[in-house]
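Novice: Quick one: the structure is below, and I'll ask about it shortly.
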Amino acid sequence: MFILTREQGRVIRARTGFYDVQHGDIVLRCTLRGTLKRRRRSETGRRIYADPVAVGDKVIFTQLDAEEGVVAEILPRETKFSRQYAGNQGDIEQVIVANANQIVVVNSTRMPPLNFRTLDRFLILAEAGDMEAVICLNKMDLVDAAVREEFTTTFTNYEKLGYQVLYTSTHKPESLDALRHILQDQFSVIVGASGVGKSSLLNAIQPDLGLRTGEVGLKTEKGRHTTTLVELFPLEIGGDVADTPGIREVGLWGVDTDNLEYYFPEMEPYLGTCKFNDCAHVAEPDCAIQDAVETGEIHAERYRSYVVLRTGETTDYKMPGS
Ligand SMILES: Nc1nc2c(ncn2[C@@H]2O[C@H](COP(=O)(O)OP(=O)(O)OP(=O)(O)O)[C@@H](O)[C@H]2O)c(=O)[nH]1
Ligand SMILES: [Mg+2]
Ligand SMILES: [Zn+2]
375 MFILTREQGR
385 VIRARTGFYD
395 VQHGDIVLRC
405 TLRGTLKRRR
415 RSETGRRIYA
425 DPVAVGDKVI
435 FTQLDAEEGV
445 VAEILPRETK
455 FSRQYAGNQG
465 DIEQVIVANA
475 NQIVVVNSTR
485 MPPLNFRTLD
495 RFLILAEAGD
505 MEAVICLNKM
515 DLVDAAVREE
525 FTTTFTNYEK
535 LGYQVLYTST
545 HKPESLDALR
555 HILQDQFSVI
565 VGASGVGKSS
575 LLNAIQPDLG
585 LRTGEVGLKT
595 EKGRHTTTLV
605 ELFPLEIGGD
615 VADTPGIREV
625 GLWGVDTDNL
635 EYYFPEMEPY
645 LGTCKFNDCA
655 HVAEPDCAIQ
665 DAVETGEIHA
675 ERYRSYVVLR
685 TGETTDYKMP
695 GS
């Protein structure tokens, strides 16, 4: 016999309608209490809906038996890492992970190739969600010394903006020390396109995770969406990490796109110095931002991301893995 007591736990896996909640050493498969379900419907219309519970959520639950429980309440989130998800009845917020304090944006040198638009989108989402962001360039073993040098030169620009950049290869164990150090005692979310090596890196850091990994198509250079669920793991070195599926479209959520320049730290010194007060810094004359791009003070790739997001140009919208 179980006594119905309310306990606090944490969601480590979420599948629509079912949530694995960890409480000490036990993991219970939980459903949602009726009032939470109703909230999910009324908030967002009838057919599409945002899941009210995300991995990382702290919840109050009631245990029903040795394996099952009911989530009665979701505790307020400290942070949330969300993206805009295009449903067939409009855009909704998809909270990927709640309560994390840092995002590790994984990219690969090749297979799939690096995409700066995707990287910058993730950095903006981290900023919008009040989380630290660390950049990781994986598969360093796949490029020769000259290309490695090119990458490090390009990424110096991100370091100047205050982002830490890690260069890793699962084939070079010594390259993983810095990543281990970054993850230790933090609650991190690993994001990036399909096939860049997110799950492989976590396996390399902690082999007993045994996460499934998948080959990248040789011709297409695209990942095959091997990881399909967000999942949270405790790390032996301390801290927690959430592995995520490579998402095809990193839609911005919680970002004020009319004031996008505020999400680009390198633009800050120039703000308010353009000829027009409402300068969008795209095609206006006497624009301090465009001038700074000309002189190289603002990196051209970053400016390109700004323009794509500001103007809603769709050519660059897809992730390499889509
Ligand atoms: N050469 C090389 N291959 C790597 C490296 N890291 C991962 N891979 C390979 O890249 C492929 C994709 O790795 P995954 O770990 O499945 O990639 P993922 O980012 O988790 O992909 P999704 O789960 O689909 O989002 C696998 O074949 C890995 O063996 C690396 O540092 N070097
Ligand atoms: Mg994976
Ligand atoms: Zn301007």
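Each number in my numbering corresponds to the 1-based position in the sequence shown with 374 added.
For glycine and all other residues, C-beta sits at the position ideal for the given N, C-alpha and C.
Since we're looking at a predicted model, the values are computed, not measured.
#1: How many Å lie between Met644 and Thr669 at the Cα?
#2: Comparing alpha-carbon positions, which option in Ala616, Asp660, Glu501 lies nearest Ala472?
#3: What residue does the alpha helix (DSSP H) around Tyr393 start on, and which one ends it?
#4: Could you name each continuous beta strand (DSSP E) segment of 3 residues or more that falls completely within the region 447-532, going from the start of the chain to the end?
#5: Can you list, in chain order, the stretches of the beta strand (DSSP E) that have 3 or more residues and sit fully within the region 597-653?
#6: Going by DSSP, what residues sit across from Thr685 in a beta bridge?
#7: Apart from the five residues on each side of it in sequence, which residues of its chain come closer than 8 Å, Cβ to Cβ, to Gly648?
#8: Please state whether DSSP places Ser696 in a helix, a strand or coil.
#9: Grouping DSSP H, G and I as helix and E and B as strand, with all else coil, what is Lys432?
#10: Just curious, the alpha helix (DSSP H) that Ile672 is in, first and last residue?
#11: Helix, strand or coil for Thr757? Go by DSSP, reduced to three states.
#12: Looking at the structure shown, is Gln437 part of a helix, part of a strand, or coil, going by DSSP?
#13: Any heavy atom of ligand 1 closer than 7 Å to the CB of Ser562?
#14: Which one or two residues does DSSP pair with Glu548 in a beta bridge?
#15: How about Val445 and Ala388: are their beta carbons less than 8 Å apart?
#16: What would DSSP say about Ser574, mapped onto helix, strand or coil?
#17: Nearest by alpha-carbon distance to Glu605: which of Gln437, Cys404, Asp394 is it?
#18: How many Å lie between Leu449 and Gln382 at the Cα?
#19: Put Gln664 into one of helix, strand or coil per three-state DSSP.
#20: Across which residues does DSSP place Leu540 in a beta bridge pair?
#21: Leaving out the 5 sequence neighbours to the left and right, which residues in its chain are closer than 8 Å to Pro486 when beta-carbon positions are compared?
#22: What's the gap between the Cα of Thr409 and the Cα of Glu447?
#23: Ignore the nearest five residues each way along the sequence and tell me which others in Ile621's own chain have a CB closer than 6 Å to its CB.
#24: Who's in the neighbourhood of ligand 3, going by beta-carbon under 6 Å from any heavy atom, listed in chain order?
#25: For Val681, verify whether its CB is less than 7 Å away from any heavy atom of ligand 1.
#26: Answer with yes or no whether the minimum CB distance from Ile564 to chain C is below 8 Å.
#27: Tell me the DSSP secondary structure of Ser568 in three-state form.
#28: Is it right to say Thr601 is buried, meaning 16 or more other beta carbons lie within 10 angstroms of its own, or is it exposed?
#29: Would you report the Cα separation of Asn489 and Arg407, rounded to the nearest angstrom?
#30: Cutting at 8 Å between CB atoms, please list the residues of its own chain near Thr418, excluding the five before and the five after it.
#31: Within 10 Å of its beta-carbon, does Tyr541 have 16 or more other beta-carbons around it, so buried, or fewer, so exposed?
#32: Near Arg384, what residues of its chain come up, given a Cβ to Cβ distance below 6 Å and the 5 sequence neighbours on each side ignored?
Specialist: On the basis of the coordinates in this document:
#1: Residue identity differs from the one stated: residue 644 is Tyr in this sequence, not Met. Whole-angstrom Cα-Cα distance: 13 Å.
#2: Ala616
#3: Not the alpha helix (DSSP H): Tyr393 falls in the beta strand (DSSP E), residues 392-397.
#4: 454-461, 464-472, 476-482, 506-512
#5: 605-608, 614-617
#6: Answer by DSSP bridge pairing: none, since Thr685 is not bridged.
#7: It is worth fixing the name first, because residue 648 is Cys in this sequence and not Gly. Cβ neighbours of Cys648 beyond the five flanking positions: His655, Glu658, Asp660, Cys661, Ala662, Ile663.
#8: Note that Ser696 scores a pLDDT of 31, beneath 50, so its modelled location is shaky; the value from the coordinates is reported in the next line. Coil at Ser696, not helix or strand.
#9: strand
#10: It is not in any alpha helix (DSSP H) - Ile672 carries neither H nor E in the DSSP assignment.
#11: Residue 757 lies beyond the residue range present for the chain, which begins at 375 and ends at 696; the question has no answer from this structure.
#12: strand
#13: no
#14: Per DSSP, none; premise fails for Glu548.
#15: no
#16: helix
#17: Asp394
#18: 9 Å
#19: helix
#20: Cys510
#21: Ala567, Ser568, Gly569, Val570, Val590, Glu595, Lys596, Gly597, Pro694, Gly695
#22: 9 Å
#23: none
#24: Cys648, Cys653, His655, Glu658, Cys661, Ala662, Ile663
#25: no
#26: Among the chains of the structure shown, chain C does not appear; only one protein chain is present.
#27: coil
#28: buried
#29: 42 Å
#30: Residue placement at Thr418 is poorly supported in this model, since its pLDDT is 49, which falls under 50; the coordinates are not used for a value here.
#31: buried
#32: Gln396, Lys432
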